[in-house]
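Number of protein chains: 4
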Amino acid sequence: MTTAEIELPTSRAATLSTSTTMKALVYHGPDKRAWEEKPRPAIQDPGDAIVRITTSTICGTDLHILKGDLPAVTDGRILGHEGIGVVEQVGTGVSEFHVGDKVIISCVTACLKCDFCKRGMYSHCRHGGWILGYTIDGTQAEYVRIPQADGSLHNFPADGDEEAMVMLSDILPTGFECGVLNGQVKPGDTVAIVGAGPVGLAVLLTAQFYSPAAIFMIDLDDKRLAVAKKFGATTLINSADGNAAEQVMKLTEGAGVDVAIEAVGIPATFDICQTVVAAGGRIANVGVHGKPVELHLEKLWDRNISLTTRLVDTVTTPMLLKVVRSGKLQPSKLVSHRFATDDIMKAYDTFENAAKEGALKVVLLNGGPR
Amino acid sequence: MTTAEIELPTSRAATLSTSTTMKALVYHGPDKRAWEEKPRPAIQDPGDAIVRITTSTICGTDLHILKGDLPAVTDGRILGHEGIGVVEQVGTGVSEFHVGDKVIISCVTACLKCDFCKRGMYSHCRHGGWILGYTIDGTQAEYVRIPQADGSLHNFPADGDEEAMVMLSDILPTGFECGVLNGQVKPGDTVAIVGAGPVGLAVLLTAQFYSPAAIFMIDLDDKRLAVAKKFGATTLINSADGNAAEQVMKLTEGAGVDVAIEAVGIPATFDICQTVVAAGGRIANVGVHGKPVELHLEKLWDRNISLTTRLVDTVTTPMLLKVVRSGKLQPSKLVSHRFATDDIMKAYDTFENAAKEGALKVVLLNGGPR
Amino acid sequence: MTTAEIELPTSRAATLSTSTTMKALVYHGPDKRAWEEKPRPAIQDPGDAIVRITTSTICGTDLHILKGDLPAVTDGRILGHEGIGVVEQVGTGVSEFHVGDKVIISCVTACLKCDFCKRGMYSHCRHGGWILGYTIDGTQAEYVRIPQADGSLHNFPADGDEEAMVMLSDILPTGFECGVLNGQVKPGDTVAIVGAGPVGLAVLLTAQFYSPAAIFMIDLDDKRLAVAKKFGATTLINSADGNAAEQVMKLTEGAGVDVAIEAVGIPATFDICQTVVAAGGRIANVGVHGKPVELHLEKLWDRNISLTTRLVDTVTTPMLLKVVRSGKLQPSKLVSHRFATDDIMKAYDTFENAAKEGALKVVLLNGGPR
Amino acid sequence: MTTAEIELPTSRAATLSTSTTMKALVYHGPDKRAWEEKPRPAIQDPGDAIVRITTSTICGTDLHILKGDLPAVTDGRILGHEGIGVVEQVGTGVSEFHVGDKVIISCVTACLKCDFCKRGMYSHCRHGGWILGYTIDGTQAEYVRIPQADGSLHNFPADGDEEAMVMLSDILPTGFECGVLNGQVKPGDTVAIVGAGPVGLAVLLTAQFYSPAAIFMIDLDDKRLAVAKKFGATTLINSADGNAAEQVMKLTEGAGVDVAIEAVGIPATFDICQTVVAAGGRIANVGVHGKPVELHLEKLWDRNISLTTRLVDTVTTPMLLKVVRSGKLQPSKLVSHRFATDDIMKAYDTFENAAKEGALKVVLLNGGPR
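Chains as they are written, first to last, in this note's numbering: chain R, 1 to 370; chain E, 371 to 740; chain A, 741 to 1110; chain V, 1111 to 1480.
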């Protein structure tokens, strides 16, 4: 303790184990990842917290990084931006969390003080935003340093389930904010969700908070569509034959849908959305796009539609937490596979073959599956 | 009167002049228009009103029709969807207007009863929408038949000025609803308006209802920009050199604008909007587009922006009327030229050479300029 | 038909039975009601429709009238403002409904044309509002005249159930608009509903459209509370001992509730609402009040609360219809008793003794219970 | 400096003058105030800043304190919650402000981290809210300690005027948030403001951001009404004869106003508001109330009104700052008197006799009036 105090003058230290290293999932350039020894993180700024990870998970974005699509991620970076853990150490500027607190880690880091944070746009925080497992080391490790901890952690509820709660790190607020809130889903609405991957399913689960009358789920994969059916989709549309939009228009008697939610990120799926949106409707983009799309303003200019984009702000995490605790939402439904954290390399193998493996969210449990 | 009652069992007839013909501006295919004799309109449905036009004006859309861009307009159609006049006759289903009432004619016809009208989307009325001077005969004539009169007329205020009020037929609600309301202009905002033609200027005038801090006006024509300056633009940007977007970004220190309003209708001007919109900002499309645009979702997906389209609903006309009456808005500023209705052919010549003539709105006055 | 055309020049007549009288529930001053012979209604205005009633129901307001609380109701008035029926005749100004259409009658009559209707405030329609069974004859009869039919009727869905749909005449839109929408119920909210009578239960059912985390139901009657439990209340509070507010504060750890909904109409229940509303919360008044209340502005001025009042506008009936059709809401749950219309005197007896009889909504079926 | 560093390990100290005392306006129980020597404040928490005051002002609330109305204020308290100054010292947790920064002090202290702050309700911050010059020492002094500095200060703009900017500490956000925003003032609205004191005038100035058609100003004092006229009120009503409500109803032809704003805080003025609010209108309470009011729910239950209360959150200060900088608002209009800070006792005398002195805001300038 004495040593820690000397070394870490800006933190209130906890009883740390004497080891100074840890295991972590490290990116070493395109297609190269390793579960290897790394130094344990330390407090660098008064707002930091060190969290010991108990549960984490893998995101589709982690696969994008591994393909080399995000050049900002450099060799040696620890991946992961989702997780549950226990606070081990806090900087002197941290006031809302204490050593020993069990916490949900938000994928977005928020200083709360900048103009964007004050407007609720944590995604564009001038001192944070999405940085975890991207420009700083992430959560697929035994320990992680969380900057701006007061804006980036949430108290884990006493009655919580780690598998369920880790869905609050990213996928549920992403589906809810970018898809459902931006799409302004209302009671009685007809909603089309294009893409039944994990994030599309998160949209599906959270859209039901607002009691839409019909939810059309559109995907190429019948297995995923079958899951969507169990999760509350009212109509399944396999888009393999290229006439998904036509089917939607037929089902809506030519009117189109009130809300079309893009949860894939390619021109073809965006195109379905702009074709099926009703006059007065909303297109909410959730997918991460790598290319421009052709927007048919010559057809849409007089259709009174809105189109939104959004990087998740995680401002609704407290609301989602309340809904999960009330039992109205079971996010653990999204978990298809469980691995011990030490088996993370196998977990990645599974997630990389999601279609074949029927994988949705793959959860990594410290100490292995329970 | 007796005869009229027999002939027009669905209307309460007024004392009509005995003539059964009138003069009207008639479309005869691309580039062909004539000011010629036509039969006077008669009540066809219980909801109709016949209005004697006292003031009308020409819209950019009328020029589009004359170019042959709107094939739904057929040979023999009387043009015009804007006007002030006096009610001469009403159908038995008309309850809000009476013979002798002076009225503002809305460019959009609204039954008020269909699902779209009930949602305030008169533009998509199942029995109306934009039909005047498009699929039915319009207002550039001595008389016009207004279907769904109760939803398509507004009482002319006792203290009103016809030149000012005729701007409420189309251009002011268009600029306000499609640009300002959809763009959610707020006090303190920075707004860019691309296009300083009449509709862009209508956006400029009505944007000031919400006290934005800065309004950048972007156009190729310095004369129009000079008008914009007089109308309240805080910064003028001539886009002729192709670096308007760059200038906006420099002026905003790289942040971009809160609201970018497209008031032209071509890919190049849309592109300025998507380049200059700030994270968290809104793009409001007002322009009529004939081609698709390339939407840079690969840059915008994580920028938390919204993009809206809209055909004017004219639901805000009562609000605009109150603001005009209060003196906070002088729409007659938009009038650059005045002609007697009989000189409408010359008025079209002038409006067709708007740049050269410095024409904004060209007003047609029954009995000539006063 | 010929005769009808002569007699009813403003209507398109259907084949009417030759009888010119009907049975109706008639108010004859305080505490006096009779099921007696009355002349059948006839078209009076072009916007009228004559509807043959197939199902109706009794409202708490009907009991108020019978107590003499609403002096605007005069001797001889046919009561009732809820019902399902079939259109028998329409005026020439009616465009959306036709003879033979099965319809839901809205308790509020809307011209759709006045300033209030255009703003969606049908309750204050200058030519309608609540008039049915109040200032004009109502629906507890074999036939009823519906003025402004295009704004006051809704198409009965092909797959609809009359018992369920009659709840859309008044009680569901009342609970939803005045309670849930005005209270801005959001996912995760804690809601207190004071009053578990039919309208309070309608609030309870429709509040669940927005997935609140907790709904406290407060009433004096354990039987009603037991019903509330079945309908989705998460916590029941019997207010008989006068410490309901205290219990709510304890359950919320002193914070109070996000939304407090008053569904009774007396000072004591309003007082519970103002005591339990959290800082930043909303009080939505649904109850009909006969006396002023004491508003504790000395405690509330700095609590950032809102308080709303509303007479139902029925603007959400189309939305509610969609939700009912989707199966997310079973309004027939609200029906506790069924009577043949001929037994309406007994139905009133039952409804007047609601507590003893366990009565919620008492439905009157033409031809008797099925 | 060495000493300071030892004593203040949580701060980055600036070069302080060697004196350890300062002058301050101190409350010594009802009706007792003194401009006396006090110890200079020091950093107590990592989030603190010490600000040297250059301009401050007196609020009506300070007079309430001096009357003994706020018993939470204890003997020895330095008053004042408004001010402009220069940062002299910051705690280690302060990241947005630095020694030497010129700042606007917000009357509300916001931690930004608690649930209320995250919802934008700084007024109810769990670690702040209104505490300055209330439960901790305030700004009517040479120096002040500002806790939670990152949430409670704003950068003073380079081109700013101190007299104008000090109105952003309290009075402008109070008028704007509690009156204008809560009252949802819209273009074309008719607004009644009851009370033409400084806060009512702040409502008047900021209401004009939204271009209402008419603003009725109601007060007992013709001098204040004359000021209101200059500030943009369209109609003045002296309420001395007790028939202000009657006049408003007459002026609005019986309709009442869209927005009624209470800016006094007594039952009689609240009563005017509830009498004149139109169906569908809003009552926004700004006044600080000491007693309950009688709310006429028996008249209002079916009028579709809303009533709001609010303690200023100061969340709109950045927006207001933009509007002030744009020149659309001249808050220095509110300044009627200027005193040197050393003459604060005289300044209080003047402000205490506001009616006689024609005092609005009384500004205290370090070094005296310029």
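The C-beta atom is built at its ideal place from N, Cα and C for all residues, glycine as well.
Here the structure is a predicted model, which means the values were calculated and not measured.
(1) Pop quiz: residue 1286 of chain V and residue 1214 of chain V are said to be a contact at Cβ under 8 Å. What is the actual Cβ separation, rounded to whole angstroms?
(2) According to the Cβ coordinates, are residue 513 of chain E and residue 662 of chain E closer than 8 Å?
(3) Quick check: residue 123 of chain R and residue 313 of chain R, are their CB atoms within less than 8 Å of each other?
(4) To the nearest angstrom, how far is it from the Cα of residue 113 of chain R to the Cα of residue 233 of chain R?
(5) Closer than 7 Å by C-beta to residue 971 of chain A: which residues in its own chain qualify, once you throw out the five before and the five after it? Chain order, please.
(6) Alpha carbon to alpha carbon, how far is residue 219 of chain R from residue 548 of chain E?
(7) Mind the definition here: the segment 1432-1450 of chain V touches the segment 1231-1245 of chain V only if three or more C-beta pairs lie below 8 Å; say whether that holds.
(8) In terms of alpha-carbon separation, which member of V/1137, V/1275, V/1207 lies closest to residue 1177 of chain V?
(9) Quick check on the DSSP output: the alpha helix (DSSP H) that includes residue 1231 of chain V runs from which residue to which?
(10) Under 8 Å, with one C-beta from each stretch per pair, do the segment 73-93 of chain R and the segment 281-291 of chain R reach the 3-pair mark?
(11) Quick one: which residues of the segment 1001-1028 of chain A get their C-beta closer than 8 Å to a C-beta of chain V? List them in chain order.
(12) Need the endpoints of the beta strand (DSSP E) that residue 651 of chain E sits in, please.
(13) Shorter than 8 Å from the beta carbon of residue 965 of chain A to some beta carbon of chain E?
(14) Shorter than 8 Å from the beta carbon of residue 295 of chain R to some beta carbon of chain E?
(15) Can you tell me where the alpha helix (DSSP H) holding residue 149 of chain R begins and where it ends?
(16) Does the distance from the C-beta atom of residue 595 of chain E to that of residue 630 of chain E stay below 8 Å?
(17) In the DSSP assignment, the alpha helix (DSSP H) including residue 807 of chain A goes from what residue to what residue?
(18) Which residues in the same chain have their Cβ closer than 6 Å to the Cβ of residue 877 of chain A, if we skip the five residues on either side of it in sequence?
(19) Of the residues A/992, A/1011, A/763, which one's Cα is nearest the Cα of residue 881 of chain A?
(20) Name the chain R residues that come within less than 9 Å of residue 491 of chain E, Cβ to Cβ?
(21) Given residue 1118 of chain A, which residues of its chain have a CB within under 8 Å of its CB, disregarding the five upstream and five downstream residues?
(22) If you measure beta-carbon to beta-carbon, which residues of the segment 1206-1223 of chain V are closer than 8 Å to chain R?
(23) In the DSSP assignment, find the alpha helix (DSSP H) that holds residue 323 of chain R and state where it starts and stops.
(24) Could you name the residues of the same chain whose beta carbon sits closer than 6 Å to that of residue 1005 of chain A, not counting the 5 residues immediately before and after it, in chain order?
(25) Cα separation between residue 700 of chain E and residue 688 of chain E?
(26) When the Cα of residue 1414 of chain V is compared with those of V/1426, V/1390, V/1407, which residue comes out closest?
(27) Measure the alpha-carbon distance for residue 389 of chain R versus residue 1323 of chain V and round it to whole angstroms.
(28) In angstroms with no decimal places, state the Cα-to-Cα distance between residue 1212 of chain V and residue 1276 of chain V.
(29) Report buried or exposed for residue 774 of chain A, applying the criterion of at least 16 other Cβ atoms within 10 angstroms of its Cβ.
(30) State the Cα-Cα distance for the pair residue 796 of chain A and residue 516 of chain E, rounded to the nearest angstrom.
(31) Can you tell me whether residue 890 of chain A is buried or exposed? The criterion is at least 16 other CB atoms within 10 Å of its CB, across all chains shown.
(32) Taking only beta-carbon atoms, is residue 994 of chain A less than 8 Å away from chain V?
(33) Is there a Cβ of chain V sitting closer than 8 Å to that of residue 48 of chain R, yes or no?
(34) Does the CB of residue 1038 of chain A have a neighbour CB from chain V at under 8 Å?
(35) Would residue 185 of chain R pass as a contact of residue 210 of chain R if the rule is Cβ separation under 8 Å?
(36) Quick one: is residue 1181 of chain V buried, meaning 16 or more other Cβ sit within 10 Å of its Cβ, or exposed?
Taking the coordinates as given:
(1) Rounded, the Cβ-Cβ distance is 15 Å, inconsistent with contact.
(2) no
(3) yes
(4) 40 Å
(5) 941, 944, 945, 1073
(6) 34 Å
(7) no
(8) V/1137
(9) No alpha helix (DSSP H) contains residue 1231 of chain V, which DSSP labels as neither H nor E.
(10) no
(11) 1005, 1010, 1019, 1020, 1025, 1027, 1028
(12) 647-655
(13) no
(14) yes
(15) 149-152
(16) no
(17) 800-807
(18) 818
(19) A/763
(20) 279, 280, 304
(21) With chain A represented from 741 up to 1110, any question about residue 1118 of chain A goes unanswered, as that position is not in the structure.
(22) 1206, 1221, 1222, 1223
(23) 317-326
(24) 1027, 1028, 1029
(25) 16 Å
(26) V/1390
(27) Summary: the structure shown does not reach residue 389 of chain R, with chain R confined to residues 1 through 370, and so no result is reported for it.
(28) 12 Å
(29) exposed
(30) 40 Å
(31) buried
(32) no
(33) no
(34) yes
(35) yes
(36) exposed
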